[in-house]
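Heads up: the structure comes next, in structure tokens.
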Ligand SMILES: Cc1cc2nc3c(=O)[nH]c(=O)nc-3n(C[C@H](O)[C@H](O)[C@H](O)COP(=O)(O)OP(=O)(O)OC[C@H]3O[C@@H](n4cnc5c(N)ncnc54)[C@H](O)[C@@H]3O)c2cc1C
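Residue numbers (this note's numbering): 661 to 1039.
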């Protein structure tokens, strides 16, 4: 890692800690309890350049790379994984799709607003009947004159109701045909894009997850990203980068759970000594720290390749698969170390425990990632 990146990482770590302590720490329990999506926090994050981490400065972005982006997600996740999840969906899915596949006019039109947090972006691939099997999506886009008409329902979309703009992957060809999907940008206010049901979730409760309903939603042809028929292939490429951010989310949760466990195990006394002095606890801490470090190395490797413009399908899948699984394991161990207090909402680890599970599901389940890794190994 070069000197400039290392300095950026130190600066970002401190900056996110300051933002977290000032704007998140006192609020996160209420957001979690009442499942509040705090839109205002994304305006604040935007002022600090965190809504356009990967966006070049010419479009008002921070112009940074994946090492810095991973740091943002890791540090935010320690305060509230739900906020980190929404930031990741905004940056690496919606914004990055426009950045990667948009024309110069499209980038000039949408990126500056997204990069400063004036607009919040969503990205919609999943449907009620097609999650892992997204190639069989049923939402259609049909050409009528100079417009395209979208019909269908997307589900589990991160801030699907609150986003100002969304990239929607639709079917424009035969179901299952890899070249049968197209990506459209739809802006809020389009009368055919309707709010859908908000999910009541186990974790990540400060991140809004909703359906998005399209009823004769008319979109101009100029809102197509890339070529007609390329939508699904584009989505897979976007997920290659997105998975690095979900790996970072898992790492942040695991690190947060480890840090809390280290502190608690030194303070909590049983049988006349700190519980950290029982080998059963210290071995758990050793396992947790080793898993955290291994996840960090996989993420660093994928980030390094991605920064150099290399294909990261295998590496990002490995980082996301491993980091997500250990995030669940480490936060489960953390609850155990806290004992009864780990089961109580008085301490942060029960929230890490609930939030961690999303990492093994969103942007490719662990099973699908094993398929991706195996396919790449065996090609
Ligand atoms: C909080 C949250 C936020 C999300 N945000 C977004 C978003 O912003 N945009 C978006 O488009 N989507 C989003 N998603 C959707 C997410 O990507 C999907 O939930 C995920 O891809 C899994 O799809 P599914 O839920 O339909 O599960 P299914 O695909 O039905 O899978 C069910 C089970 O079957 C397994 N399975 C499926 N196929 C295979 C196979 N071939 N081999 C072995 N096992 C298999 C899966 O691993 C899983 O265990 C979000 C989901 C959640 C929970």
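Just so you know, even glycine gets a beta-carbon here, dropped at the ideal spot from N, CA and C.
Keep in mind the model is a prediction, meaning the values are calculated, not measured.
Item, Value
"For ligand 1, I want to know if residue 1028 counts as a neighbour, meaning its beta carbon is within less than 7 Å of at least one of the ligand's heavy atoms.", "yes"
"How big is the Cα-Cα spacing for residue 697 and residue 865?", "8 Å"
"Helix or strand or just coil, what does DSSP make of residue 971?", "coil"
"Assign residue 874 to one of three DSSP states: helix, strand, or coil.", "strand"
"Answer yes or no: the CB of residue 1023 versus the heavy atoms of ligand 1, is any distance below 7 Å?", "yes"
"Does the distance from the CB of residue 776 to the CB of residue 712 come in under 8 Å?", "yes"
"Kindly indicate which three-state DSSP category residue 979 falls into: helix, strand or coil?", "helix"
"So is the beta-carbon of residue 816 under 7 Å away from any non-hydrogen atom of ligand 1?", "yes"
"Is the separation between the beta-carbon of residue 902 and that of residue 843 shorter than 8 Å?", "no"
"What did DSSP end up calling residue 930 once you bin it into helix, strand or coil?", "strand"
"Take residue 826 and list the residues in its own chain whose beta-carbon comes closer than 6 Å to its own, dropping the five residues that flank it on each side.", "782, 784 and 846"
"Count the CB pairs spanning the segment 667 to 681 and the segment 717 to 731 that are closer than 8 Å, and state whether there are at least three.", "yes"
"Across the segment 766 to 780 and the segment 937 to 955, are there enough close Cβ pairs to call them in contact, namely three or more that are closer than 8 Å?", "no"
"Indicate whether the contact test is met: 3 or more Cβ pairs, each with one atom in the segment 672 to 679 and one in the segment 997 to 1010, closer than 8 Å.", "no"
"How should residue 1020 be labelled, buried or exposed, when 16 other C-beta atoms within 10 angstroms of its C-beta is the threshold for buried?", "buried"
"Determine which residues share a DSSP beta bridge with residue 802 and list them.", "809"
"Any heavy atom of ligand 1 closer than 7 Å to the beta-carbon of residue 705?", "no"
"For ligand 1, is there any heavy atom lying closer than 7 Å to the beta carbon of residue 779?", "no"
"Can you pull the DSSP bridge partners for residue 844?", "828 and 884"
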